[in-house]
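A quick write-up on the structure given underneath.
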Amino acid sequence: ASAALKGGGAAAWEVAVVVHAEAKASVPDDLPFISAGSLPWSFEEELDYRDILWALPMSGEEAANMAPEAMDAASARRADASDAYFFGSQQSLANGLDEALRQRTEAGLRPPDLLVIDVSSPGAMDIAELR
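Note that my numbering gives residue 4 to position 4 of the sequence shown, counting from 1, and the numbers run on in steps of one.
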């Protein structure tokens, strides 16, 4: 099955949705799916990242009772987790997409005209890229 997108009298574009395998269930059945492979970490690790990155901020009282060294350590932990999370997911997506497109080419298929790419997490930015 191939989904098509038409615009402004132009010929239809072949459209494919690129996501990590774990997100396939979120892709509508009528859209072609290209797997970017698996996430580079387990679901438990994903939850750990989310807990670190999107935890509710401390109340003013909690922050006032925390030693400056502990606040610095918490801030550094969040920065390190942010770097690892976003770099890891985007590197994994790029590698997986490269492999998926290579396999399509080897199978005699051309790349889709429009790729919609989910960068691995509901909290992350989605991008659309025209070939």
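For each residue, glycine too, the CB sits at the ideal point set by N, CA and C.
- Judged by beta-carbon spacing, Val18 lies beyond the 8 Å limit of Leu114, meaning their Cβ atoms are not closer than that value.
- Taking C-beta atoms under 8 Å as the contact rule, Ala81 and Ile117 fail to qualify, at a distance of about 23 Å.
- Per DSSP, Glu69 is one residue of the alpha helix (DSSP H) stretching across 68 to 106.
- Glu22 and Asp98 have their C-alpha atoms some 18 Å from each other.
- When C-alpha distances from Arg77 are compared across Trp41, Glu14, Gly37, Asp48, the shortest belongs to Asp48.
- Its chain contains Tyr49 as the residues whose beta carbon lies nearer than 6 Å to that of Tyr85, once the 5 sequence neighbours on both sides are disregarded; these appear in chain order.
- Across the set Ala107, Gly108, Gln90, the C-alpha of Gln90 shows the shortest separation from the C-alpha of Pro40.
- A direct Cα-to-Cα measurement between Glu14 and Leu31 gives close to 10 Å.
- Counting only residues of its own chain and dropping the five nearest sequence neighbours on each side, Arg104 has a CB closer than 7 Å to the CB of Pro111.
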